[in-house]
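Engineer:
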Amino acid sequence: MSAAHSERLKNDPETRIREAVAAIEPGLVAIRRDIHAHPELGFEEMRTAGIVAAELARLGIPHRTGIGRTGVVGVIEGGRPGPTLAIRADMDALPIQEETGLAFASTVPGTMHACGHDIHTTTLLGVAEVLRGLAPQLAGRVVLVFQPAEEALGGAAAMIADGVLEGVDMALGFHNHPDMPVGRFAYVRGSTLAAADRFDLVIRGRSGHAAHPELAIDPIVAAGAFIGQAQTVVSREIDPLLPAVVTIGMVQGGTAPNIIPETVTLKGTVRTLQPAARDVAEAALRRLAAGLDAMHRTRSALDFRRGVPPLINAESVLEPAVAAVRRQLGEVLAEGRPSMGAEDFAEFAERVPAFHLRVGSGAPGRDDHLHNDRYQPDERCIGLGVQALSRIALDMLA
1 MSAAHSERLK NDPETRIREA VAAIEPGLVA IRRDIHAHPE LGFEEMRTAG
51 IVAAELARLG IPHRTGIGRT GVVGVIEGGR PGPTLAIRAD MDALPIQEET
101 GLAFASTVPG TMHACGHDIH TTTLLGVAEV LRGLAPQLAG RVVLVFQPAE
151 EALGGAAAMI ADGVLEGVDM ALGFHNHPDM PVGRFAYVRG STLAAADRFD
201 LVIRGRSGHA AHPELAIDPI VAAGAFIGQA QTVVSREIDP LLPAVVTIGM
251 VQGGTAPNII PETVTLKGTV RTLQPAARDV AEAALRRLAA GLDAMHRTRS
301 ALDFRRGVPP LINAESVLEP AVAAVRRQLG EVLAEGRPSM GAEDFAEFAE
351 RVPAFHLRVG SGAPGRDDHL HNDRYQPDER CIGLGVQALS RIALDMLA
């Protein structure tokens with residue numbers, strides 16, 4: 001490359017990033033297919049972490065393994081002092097039997113990359129290679145976070161406990177979206193994904209014969225009352241302008257149609273986009289559970305466990321990130337709607353200003369969905385994601 005051409009590219013980051021991605025894209029697709037064929041569940045991502053570490057070593061990027069048990073962290077130092085930007089990708093798969101019939105389909109029975117984390121891992125490896133070449137132009141440093149166990153909503157907390165956010169000033173996350181065509185991107189202002197809390201309610205009564213209910217205490221009747229009342233938490237206690245969902249997804253109790261059981265167990269989730277709604281929902285469910293015993297003579301125990309918080313995008317990161325994607329790829333962005341799904345990148349966003357980018361992965365002629373045994377994202381989203389994230393990093397650390 002001539003000196004004049006090199007200088008031109010330095011002043012033309014759009015072309016430089018695009019050409020860099022075009023050169024590495026075939027190799028990234030090959031890595032993605034390798035990872036896809038060998039999926040690993042949360043905190044079991046030893047092979048995947050090994051691939052990541054080997055690629056970072058090939059690129060000469062200093063890195064550490066075993067962060068948050070199976071996570072990998074790489075660091076790219078810029079040419080000048082400045083802030084530290086973390087970019088995070090998740091690595092784990094799902095307990096789903098793949099039915100795609102692809103040549104590189106999962107070789108692990110009952111396990112599949114049905115959420116596209118193989119896409120995410122590979123995308124961040126591409127970002128690592130592009131930013132390594134741009135490092136002299138960066139004012140600050142980039143921390144590359146390859147996270148385990150997002151599906152269990154525990155990997156982010158494990159990496160944070162191991163110090164991954166020490167010295168980090170801001171963070172980027174991203175996720176592929178098959179509901180958007182490849183080549184499109186989206187963002188959400190404020191709360192974009194929900195807090196995910198869980199509860200178990202054990203209702204203890206007194207077992208007895210169905211013919212003599214007066215001699216028993218029926219926990220099934222109490223459970224039915226709780227199920228009905230739980231739906232009033234959203235309709236009558238939470239501000240209608242604050243989205244919330246209470247779902248009871250498991251009911252266990254009884255062994256025969258003519259026996260009143262001793263216990264019934266309910267398991268459910270609460271999804272909220274705002275902390276205020278989260279607090280109201282927890283307090284209301286605790287009160288309803290406590291009231292069962294007075295009404296039904298039962299003995300109830302509620303175990304309410306808070307999970308990840310809502311993922312709230314910070315305007316201070318969102319605005320420059322969106323502008324950077326437009327500079328690199330044009331008018332490919334649209335403002336999206338919040339989702340009641342959850343994502344443990346929220347743990348990062350709760351501690352530092354952060355932004356979560358939506359990357360279109362829908363293939364032409366398909367109607368794919370995440371967590372589906374036939375999910376086939378369009379692999380062009382890898383290179384496009386690399387372009388977007390690399391440009392965001394370059395512009396935010398200019």
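Residue 70 in UniProt numbering sits at position 70 of the sequence shown, and the numbers go up by one each step. Every residue gets a Cβ at the ideal spot worked out from N, C-alpha and C, and that includes glycine.
Which residue wins for smallest C-alpha separation from residue 34, given the options 104, 204, 395?
Structural biologist: For the purposes of this step, residue 34 is taken as residue 34 along the sequence shown, with counting starting at 1. Among 104, 204, 395, the Cα nearest to that of residue 34 belongs to 104.
Engineer: Between which two residues does the alpha helix (DSSP H) carrying residue 376 extend?
Structural biologist: The sequence position of residue 376 within the sequence shown is 376, counting from 1. It is not in any alpha helix (DSSP H) - residue 376 carries neither H nor E in the DSSP assignment.
Engineer: Taking 8 Å as the limit between beta carbons, can you name the residues of its chain near residue 42, skipping five residues before and five after?
Structural biologist: Here the question's residue 42 lines up with position 42 in the sequence shown. The residues are 92, 148, 149, 150, 151, 152, 154, 155.
Engineer: Here's the rule: buried if 16 or more other CB atoms are within 10 angstroms of the residue's CB, otherwise exposed. What is residue 475?
Structural biologist: Absent from the structure is residue 475, since the part of the chain shown begins at 1 and ends at 398.
Engineer: Within the continuous alpha helix (DSSP H) that includes residue 26, where are the two ends?
Structural biologist: Indexing the sequence shown from 1 puts residue 26 at position 26. Per DSSP, residue 26 belongs to the alpha helix (DSSP H) from 13–37.
Engineer: Under three-state DSSP, which class holds residue 133?
Structural biologist: Position 133 of the sequence shown holds residue 133. Residue 133: helix per DSSP, three-state reduction.
Engineer: My understanding is that residue 162 touches residue 84, with C-beta atoms under 8 Å, so please give their C-beta distance in whole angstroms.
Structural biologist: To locate residue 162, count along the sequence shown from 1; it is residue 162. To locate residue 84, count along the sequence shown from 1; it is residue 84. Rounded, the Cβ-Cβ distance is 16 Å, inconsistent with contact.
Engineer: Taking DSSP's pairing of strands, which residues face residue 170 in a bridge?
Structural biologist: Translated into positions along the sequence shown, residue 170 becomes position 170. Bridge partners of residue 170: 85.
Engineer: Using alpha carbons as the reference points, say which of 181, 261, 171, 21 lies closest to residue 142.
Structural biologist: Taking the sequence shown and counting its residues from 1, one reaches residue 142 at position 142. Nearest of 181, 261, 171, 21 to residue 142, Cα basis: 171.
Engineer: Does the structure place the stretch 174–182 close enough to the stretch 359–373 that three or more beta carbon pairs sit under 8 Å?
Structural biologist: With a cut-off of 8 Å, the stretch 174–182 and the stretch 359–373 count as touching, because enough Cβ pairs lie within range.
Engineer: Taking C-alpha atoms, which residue in 244, 224, 46, 75 lies nearest to residue 166?
Structural biologist: For this step, residue 166 is matched to residue 166 along the sequence shown. Residue 75 is the option with its Cα nearest to residue 166.
Engineer: Output needed for residue 118: all residues of its chain with C-beta closer than 7 Å, excluding positions within five of it in sequence on either side, in chain order.
Structural biologist: Within the sequence shown, the letter at position 118 stands for residue 118. For residue 118, where only same-chain residues beyond five positions count, the Cβ hits under 7 Å are 32, 35, 36.
Engineer: Go through the UniProt domain "Peptidase M20 dimerisation" (199–289) residue by residue and report every complete run of the alpha helix (DSSP H) that reaches 4 residues or more, in order.
Structural biologist: Within the UniProt domain "Peptidase M20 dimerisation" (199–289), the complete alpha helix (DSSP H) runs of at least 4 residues are 219–232.
Engineer: What residue does the alpha helix (DSSP H) around residue 104 start on, and which one ends it?
Structural biologist: In the sequence shown, the residue the question calls residue 104 occupies position 104. Residue 104 -> no alpha helix (DSSP H), and no H or E assigned at all.
Engineer: Can the beta-carbon of residue 263 be found closer than 8 Å to that of residue 221?
Structural biologist: As a first step, residue 263 is located in the sequence shown; it is residue number 263 there, counting from the start. As a first step, residue 221 is located in the sequence shown; it is residue number 221 there, counting from the start. The answer is no: Cβ separation not under 8 Å.
Engineer: Would a C-beta distance cut-off of 8 Å place residue 13 and residue 394 closer than the cut-off?
Structural biologist: Here residue 13 is taken as the residue at index 13 of the sequence shown, counted from 1. Here residue 394 is taken as the residue at index 394 of the sequence shown, counted from 1. Yes, Cβ-Cβ distance for residue 13 and residue 394 is below 8 Å.
Engineer: On the premise that residue 234 lies in contact with residue 245, defined as a C-beta separation below 8 Å, what is that separation, rounded to the nearest angstrom?
Structural biologist: The residue given as residue 245 occupies position 245 in the sequence shown. The residue given as residue 234 occupies position 234 in the sequence shown. The Cβ separation is near 7 Å, so the contact holds.
Engineer: Please classify residue 257 as buried or exposed, where buried requires at least 16 other C-beta atoms within 10 Å of its C-beta.
Structural biologist: On the sequence shown, position 257 is the one that residue 257 refers to. Result: exposed.
Engineer: Would you kindly work out how many angstroms separate the C-alpha atoms of residue 227 and residue 309, rounded to a whole number?
Structural biologist: Along the sequence shown, one-based indexing puts residue 227 at 227. Along the sequence shown, one-based indexing puts residue 309 at 309. One C-alpha to the other measures close to 24 Å.
Engineer: Have a look at the DSSP bridge pairing and note the partners of residue 197.
Structural biologist: As a position in the sequence shown, residue 197 is number 197, starting the count at 1. In DSSP, residue 197 forms a bridge with 270.
Engineer: When the distance is taken between beta carbons, is residue 199 closer than 8 Å to residue 344?
Structural biologist: The sequence position of residue 344 within the sequence shown is 344, counting from 1. The sequence position of residue 199 within the sequence shown is 199, counting from 1. Their beta carbons are not under 8 Å apart, which means residue 344 does not touch residue 199 by this criterion.
Engineer: My guess is that residue 49 and residue 146 are in contact by the Cβ rule of under 8 Å, so how many angstroms apart are they, rounded?
Structural biologist: Counting from one through the sequence shown, the residue named residue 49 turns up at place 49. Counting from one through the sequence shown, the residue named residue 146 turns up at place 146. Right, the Cβ-Cβ distance comes to about 7 Å (below 8 Å), so this counts as a contact.
Engineer: Considering just the uninterrupted stretch of the beta strand (DSSP E) at residue 303, what are its terminal residues?
Structural biologist: Counting from 1 along the sequence shown, the entry for residue 303 is found at position 303. Taken as a continuous stretch (DSSP letters only), the beta strand (DSSP E) holding residue 303 covers 299–305.
Engineer: When DSSP labels each residue in this structure, what does residue 312 get in the three-state scheme?
Structural biologist: What you label residue 312 is simply residue 312 of the sequence shown in a count that begins at 1. Strand at residue 312.
Engineer: Under the assumption that residue 361 contacts residue 126 (Cβ atoms under 8 Å), give the Cβ distance between them as a whole number of angstroms.
Structural biologist: One-based indexing of the sequence shown puts residue 361 at position 361. One-based indexing of the sequence shown puts residue 126 at position 126. Contact flag wrong, Cβ pair sits at about 15 Å.
Engineer: Reducing DSSP to helix, strand and coil, say where residue 186 ends up.
Structural biologist: Within the sequence shown, numbered from 1, the residue matching residue 186 stands at position 186. In the structure shown, residue 186 sits in a strand (DSSP, three-state: E or B).
Engineer: To the nearest angstrom, how far is the alpha carbon of residue 306 from that of residue 272?
Structural biologist: Within the sequence shown, the letter at position 306 stands for residue 306. Within the sequence shown, the letter at position 272 stands for residue 272. Each residue's Cα considered, the two are about 11 Å apart.
Engineer: Specify, as a first and last residue, the run of the beta strand (DSSP E) that residue 139 falls within.
Structural biologist: For the purposes of this step, residue 139 is identified with residue 139 of the sequence shown, where counting begins at 1. Note, residue 139: beta strand (DSSP E), 139–147.
Engineer: Kindly indicate which three-state DSSP category residue 327 falls into: helix, strand or coil?
Structural biologist: Within the sequence shown, residue 327 is the residue found at index 327, counting from 1. In this structure, residue 327 counts as helix in the three-state DSSP scheme.
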